[in-house]
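Engineer:
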Amino acid sequence: MLTPTEAISELESMGLTQQKIAELTGTQQGYISRLKTNSISQPSYIVVDALRNLVNQMKKKKEIK
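The sequence shown begins at 1 in my numbering and counts up one residue at a time.
Next comes the structure, spelled out in structure tokens:
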């Protein structure tokens, strides 16, 4: 299972900005930035789940193309 940092890094490597990741996961860019740098000790499970789901969606999109 991906950590929030791994999920964000993977999404960025797919071309998404932190702002776009935030929009797609229903949070703010600053929260994404703090997650990526491990500045949040207990991140929201809802956001973490949304990040993992977004990675899976992006991978599926990539496979279809």
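For each residue, glycine too, the CB sits at the ideal point set by N, CA and C.
Since the structure is predicted, the reported quantities are computational estimates derived from the model, not experimental observations.
(1) Can you tell me where the alpha helix (DSSP H) with M58 in it begins and where it stops?
(2) Thinking C-beta only, is A50 closer than 8 Å to T17?
(3) Would V55 and L2 be called neighbours here (beta carbons separated by less than 8 Å)?
(4) Would you identify the three-state DSSP class for K30, choosing helix, strand or coil?
(5) Given this structure, state the Cα-to-Cα distance separating M14 from Q29, to the nearest angstrom.
Structural biologist: Once the coordinates are examined:
(1) Here residue 58 refers to the residue found at position 58 of the sequence shown. First-last of the alpha helix (DSSP H) with M58: 45–64.
(2) In the sequence shown, residue 17 corresponds to position 17, counting from 1. In the sequence shown, residue 50 corresponds to position 50, counting from 1. Not in contact: T17 and A50 (Cβ atoms no closer than 8 Å).
(3) Residue 55 sits at position 55 when you count from the first residue of the sequence shown. Residue 2 sits at position 2 when you count from the first residue of the sequence shown. Contact: yes.
(4) In the sequence shown, counting from the first residue as 1, residue 30 sits at position 30. The amino acid occupying residue 30 in the given sequence is Gly; Lys does not appear at that position. If DSSP states are grouped into helix, strand and coil, G30 belongs with the helices.
(5) For the purposes of this step, residue 14 is taken as the residue at position 14 of the sequence shown. For the purposes of this step, residue 29 is taken as the residue at position 29 of the sequence shown. Within the model, the alpha-carbon separation for M14 versus Q29 is close to 17 Å.
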